[in-house]
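To start, the structure itself, in structure tokens.
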Amino acid sequence: MSAPLTEHERAEALVNDHIGTELVLEEESLRVWHLRLKPGETLRPHRRDRPYFWTALTDGTARSRSGGGKVTDVVYRAGDTRHFSDLTPETAFVHDLTNTGDAELVFVTAEFSAQDHSSMTRSKP
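With this note's numbering, letter number 84 in the sequence shown gets 255, and the count goes up by one each step, no holes.
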């Protein structure tokens, strides 16, 4: 899958908020997801419209296609973490993720409500 997301995939992503393969915790201001992709598997296009972070639990490689037409190949190392603190419905993006490696790719992702996250980041000790 090297071609950018299609118009149909971008439209479907706008209503898909499943950012992992298993929702393991859901509270008013927090959702925690596990993402497990076997080699060749793809997490279908979805929207990211809330602050979140992910941590890779395994080494691996993947390809992500974004709603803006960009296709990115990524190398992950266990422990890699990335934080997206400024996402809102207005700054949202859509993308998918395909495991292009030879081993299962595993992540944990924590997604926050925008309001609760902004108050947490302002109240540092």
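Ideal Cβ positions, reconstructed from N, Cα and C, are used throughout, including at glycine.
- In the DSSP annotation of this structure, the continuous segment of the beta strand (DSSP E) that includes N270 starts and ends at 264–270.
- In the structure shown, R248 adopts coil according to DSSP, grouped into three states.
- Here D267 is buried: its Cβ has 16 or more other Cβ atoms, across all protein chains shown, within 10 Å.
- In the DSSP assignment, E193 falls within the beta strand (DSSP E) that extends over 193–198.
- In the DSSP assignment, no residue is bridged to T177.
- Three or more Cβ pairs closer than 8 Å define a contact, and the stretch 177–185 falls short of that threshold against the stretch 195–208.
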